[in-house]
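A.B. asks:
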Amino acid sequence: GAGVSQSPSNKVTEKGKDVELRCDPISGHTALYWYRQSLGQGLEFLIYFQGNSAPDKSGLPSDRFSAERTGGSVSTLTIQRTQQEDSAVYLCASSLTYGYTFGSGTRLTVV
Amino acid sequence: AQSVTQPDIHITVSEGASLELRCNYSYGATPYLFWYVQSPGQGLQLLLKYFSGDTLVQGIKGFEAEFKRSQSSFNLRKPSVHWSDAAEYFCAVGAEYGNKLVFGAGTILRVKS
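If you read the sequences in order, they're chains A and B.
Each number in our numbering comes from the position in the first sequence (counting from 1) with 3 added on.
Each number in our numbering comes from the position in the second sequence (counting from 1) with 8 added on.
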């Protein structure tokens, strides 16, 4: 596609429920990144996929968070047993060379 | 480890005035440096980037930034601010291609008429 697409744009979930956030990167981009942006905070790195290499999961805050990237394209970020502190905007970015292209994000609210 | 400091959380400038947003980084080798802008409810848009070469880089929307190795800085400038420049600005640093970028906490720019 022309840009990085994220869905849903907004998600409200009850505490304890699981959620899945989707990222559809720009076609041909080999690298895909997930970041989290909490209110008043900068961007916190979560996970990075590069081609067929093992992902860099060093930023995942707990084992409730996981992500996969199928066929080197679409990625899903899953948060299990959501907590109120998980409320944030989750941003996906993709790149071919240097300089990310970001999606518009998914705003997650845990109530 | 890489880190980025944006000392100013908020900056207010008058429309038509000049702007400088500060960014200091910590990185052991030659950094790759970026400035992004985020309008409310939007994703981040790349303004400009520095990899090597000329230390003064030009970006979109009339922005420029200067890499100063001796000061570990990469400040963003614009000679004349427009009301539409009101947004949040993020500085980021990375290593070679493929490594994650580390972002600063952001500077919120307000433009008064």
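Beta carbons are placed, not taken as given, at the ideal position from N, Cα and C, and that holds for glycine.
Quick caveat, the model's predicted, so the values are computed rather than measured.
Taking the CB atoms as reference points, tell me whether glutamine 53 (chain A) and leucine 94 (chain A) lie closer together than 7 Å.
C.D. replies: One-based indexing of the first sequence puts residue 53 (chain A) at position 50. One-based indexing of the first sequence puts residue 94 (chain A) at position 91. Cβ atoms of glutamine 53 (chain A) and leucine 94 (chain A): not closer than 7 Å.
A.B. asks: Whose Cβ in chain A lies nearer than 8 Å to the Cβ of glycine 112 (chain B)?
C.D. replies: Taking the first residue of the second sequence as 1, we reach residue 112 (chain B) at position 104. What glycine 112 (chain B) touches in chain A: Gly45.
A.B. asks: Taking C-beta pairs closer than 7 Å, name the residues in chain A that glutamine 50 (chain B) reaches, listed in chain order.
C.D. replies: Within the second sequence, the letter at position 42 stands for residue 50 (chain B). Under the 7 Å cutoff, chain A gives Ser107.
A.B. asks: Along the beta strand (DSSP E) that carries tyrosine 38 (chain A), what are the first and last residues, could you check?
C.D. replies: Within the first sequence, the letter at position 35 stands for residue 38 (chain A). 34-40 is the extent of the beta strand (DSSP E) around tyrosine 38 (chain A).
A.B. asks: For serine 34 (chain B), name the three-state secondary structure that DSSP assigns.
C.D. replies: The sequence position of residue 34 (chain B) within the second sequence is 26, counting from 1. Note: serine 34 (chain B) maps to strand in three-state DSSP.
A.B. asks: Based on Cα-Cα distance, which residue from B:Val110, B:Asn83, B:Val45, B:Lys57 lies nearest to aspartate 93 (chain B)?
C.D. replies: Position 85 of the second sequence, counted from the first residue, corresponds to residue 93 (chain B). The shortest C-alpha separation from aspartate 93 (chain B) is found at B:Val45.
A.B. asks: Does serine 22 (chain B) come out as helix, strand or coil in the three-state DSSP assignment?
C.D. replies: Position 14 of the second sequence, counting from 1, holds the residue named residue 22 (chain B). Of the three classes helix, strand and coil, the one that applies to serine 22 (chain B) here is strand, per DSSP.
A.B. asks: Starting from the N-terminal side, write out each stretch of the beta strand (DSSP E) that is 3 residues or longer and does not extend beyond the region 74-109 of chain A.
C.D. replies: The region 74-109 of chain A contains these whole beta strand (DSSP E) runs: 78-82, 91-98.
A.B. asks: Looking at the strands, I want to know which residues DSSP matches up with aspartate 27 (chain A).
C.D. replies: Here residue 27 (chain A) is taken as the residue at index 24 of the first sequence, counted from 1. DSSP, once it has assigned bridges, lists A:Ser8 as partnering aspartate 27 (chain A).
A.B. asks: By a C-beta neighbour count over all protein chains shown, 10 Å radius and 16 as the cutoff for buried, is arginine 72 (chain A) buried or exposed?
C.D. replies: Working through the first sequence from its first residue, we reach residue 72 (chain A) at position 69. When all chains shown are included, arginine 72 (chain A) counts as buried.
A.B. asks: List, in order along the chain, the chain B residues whose C-beta lies closer than 9 Å to that of phenylalanine 48 (chain A)?
C.D. replies: Translated into the one-based positions of the first sequence, residue 48 (chain A) becomes position 45. Correct list: Lys108, Leu109, Val110, Phe111.
A.B. asks: Can you tell me which of the three DSSP states isoleucine 68 (chain B) falls into?
C.D. replies: Translated into positions along the second sequence, residue 68 (chain B) becomes position 60. Note: isoleucine 68 (chain B) maps to helix in three-state DSSP.
A.B. asks: Give me the subset of the region 33-57 of chain B whose CB atoms are less than 9 Å from a CB atom of chain A, sorted by chain position.
C.D. replies: Listed by position, the residues of the region 33-57 of chain B near chain A (Cβ gap below 9 Å) are Tyr40, Phe42, Tyr44, Gln46, Gly49, Gln50, Gly51, Leu52, Gln53, Leu54, Lys57.
A.B. asks: Starting from serine 11 (chain B), follow the beta strand (DSSP E) in both directions and report where the run begins and ends.
C.D. replies: For the purposes of this step, residue 11 (chain B) is taken as residue 3 along the second sequence, with counting starting at 1. From DSSP, the beta strand (DSSP E) with serine 11 (chain B) extends over 11-13.
A.B. asks: From what residue to what residue does the beta strand (DSSP E) around asparagine 13 (chain A) run?
C.D. replies: Position 10 of the first sequence, counted from the start, is the residue given in the question as residue 13 (chain A). 13-16 is the span of the beta strand (DSSP E), which, as asked, contains asparagine 13 (chain A).
A.B. asks: Contact check, threonine 79 (chain A) vs leucine 24 (chain A) under 8 Å by CB: the rounded distance?
C.D. replies: Taking the first sequence and counting its residues from 1, the one referred to as residue 79 (chain A) is at position 76. Taking the first sequence and counting its residues from 1, the one referred to as residue 24 (chain A) is at position 21. That belief holds up - the Cβ atoms of threonine 79 (chain A) and leucine 24 (chain A) are roughly 7 Å apart, short of 8 Å.
A.B. asks: Which of helix, strand or coil does DSSP assign to glutamine 53 (chain B)?
C.D. replies: Looking up residue 53 (chain B) in the second sequence gives position 45. Glutamine 53 (chain B) falls in the strand class under three-state DSSP.
A.B. asks: Counting only C-beta atoms, is tyrosine 93 (chain A) closer than 7 Å to chain B at any point?
C.D. replies: The residue you call residue 93 (chain A) lines up with position 90 of the first sequence. By this cut-off, tyrosine 93 (chain A) is not an interface position.
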